[in-house]
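J.: Numbering (the working numbering), first residue to last: 138 to 414. Even glycine gets a Cβ: it sits at the ideal position worked out from N, Cα and C. All values reported here derive from a predicted model rather than from experimental measurement.
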Ligand SMILES: [Fe+2]
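#1: Report yes or no: do three or more beta-carbon pairs, one from the segment 301-308 and one from the segment 353-365, lie closer than 8 Å?
#2: Kindly indicate the opening and closing residues of the beta strand (DSSP E) around residue 249.
#3: Look at the alpha carbon of residue 379 and the alpha carbon of residue 230, and state the distance between them as a whole number of angstroms.
#4: Please name the residue in 400, 277, 155 and 197 whose C-alpha comes closest to that of residue 166.
#5: Using the Cβ count rule (16 or more neighbours within 10 Å means buried), how would you classify residue 220?
#6: What's the gap between the Cα of residue 236 and the Cα of residue 246?
#7: Among 257, 395 and 406, which one has its Cα closest to the Cα of residue 251?
#8: If we ignore side chains and look at the alpha-carbon of each, how far apart do residue 412 and residue 181 end up?
#9: Would the segment 294-302 count as touching the segment 383-399 if we require 3 or more Cβ pairs under 8 Å?
#10: In this structure, how does DSSP classify residue 355 when only helix, strand and coil are distinguished?
#11: Taking a contact to mean a Cβ-Cβ separation below 9 Å, would you say residue 200 touches residue 287 in this structure?
#12: Of all the beta strand (DSSP E) runs that stay within the bounds of the segment 330-404, which reach a length of 3 or more residues?
#13: Kindly confirm or deny that the segment 374-391 and the segment 252-259 touch, where touching means at least three C-beta pairs closer than 8 Å.
#14: Please report the Cβ distance between residue 244 and residue 384, rounded to the nearest whole angstrom; I am assuming they are in contact, meaning their Cβ atoms lie under 8 Å.
#15: Compute every distance between the C-beta of residue 267 and the non-hydrogen atoms of ligand 1, then say whether any falls below 8 Å.
#16: Apply the 10 Å Cβ neighbour rule to residue 261 and answer buried if 16 or more other Cβ atoms are within range, or exposed otherwise.
#17: Quick check on residue 153: buried or exposed, where buried means 16 or more other Cβ atoms within 10 Å of its Cβ?
#18: Looking only at its own chain, which residues have a Cβ that is under 8 Å from the Cβ of residue 149, when we skip the five neighbours before and after it?
#19: What do you reckon, are the CB atoms on residue 351 and residue 186 nearer than 9 Å?
#20: Is the CB-CB distance between residue 124 and residue 171 below 9 Å?
#21: Mapping DSSP to helix, strand and coil, what is residue 170?
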């Protein structure tokens, strides 16, 4: 599943696409069926007619209308789908432990509580788009963590695939400023901005792989990356599952605590990583 060349690629570049990491039929399709059911329930709750029967290619056909009616209806779907048992089974997929141990010598893998979910990036939405960032600041737990990223829908370049600064993990954790004046609506992890962001980003070549459903993109917690802009007409459904290392000394020191999503103030945990504004 993860040969020497792939492991070397991950260490060198800070991310790697592993084709066929999951079994689509067994691991992914049941999640899509669950999402289809949840969309149906939210539609019926708000008086909308039933969505079309489940079909693999169009499992989310009933979603755009919910989003168009009221963004809060779409949020109900968003909050619900990470609780679909088939998704929680994916979170604990044995390939995650195995890949983590392979890439982090001598580690003891942990699943980041609250560090897994299904993102829905809707066409034209900027507010929740993730600007250039490193995973660690929003997740904590341990700095040598790995995000297992995968897509639930076939991607196109118009859907805004994740862009990576190739090799940027080697610079370690970067300092951040805690507010983006241009986007006062972006709060929590979305409000963190890498210090001298444009200068940092310009140092690296960028890549935006287009993985298929069933592939996993393994992301080093220190590599700089950003969501692209979804300029397509379809929402981008993707899964993020984060693992950390119980044995990392920084993880031990901070008690494997989480960041914003866990109610912690990043600046209080890592004051040395926050620049003066
Ligand atoms: Fe990220």
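T.: Answer, in terms of the structure:
#1: Result yes; three or more Cβ-Cβ pairs closer than 8 Å.
#2: Counting along the chain, the beta strand (DSSP E) containing residue 249 begins and ends at 246-258.
#3: 12 Å
#4: Of the candidates 400, 277, 155 and 197, the one whose C-alpha sits nearest the C-alpha of residue 166 is 197.
#5: Burial call: exposed.
#6: 10 Å
#7: 395
#8: 48 Å
#9: no
#10: strand
#11: Taking 9 Å as the Cβ cut-off, residue 200 and residue 287 do not qualify as a contacting pair.
#12: Listed in chain order, the complete beta strand (DSSP E) runs (minimum 3 residues) inside the segment 330-404 are 353-357 and 373-382.
#13: Touching, yes.
#14: 6 Å
#15: yes
#16: exposed
#17: Burial call: buried.
#18: Within the same chain, Cβ atoms closer than 8 Å to the Cβ of residue 149 are found at 304, the five residues on either side in sequence being excluded.
#19: no
#20: No answer is possible for residue 124: it lies beyond the span of the chain, which begins at 138 and ends at 414.
#21: helix
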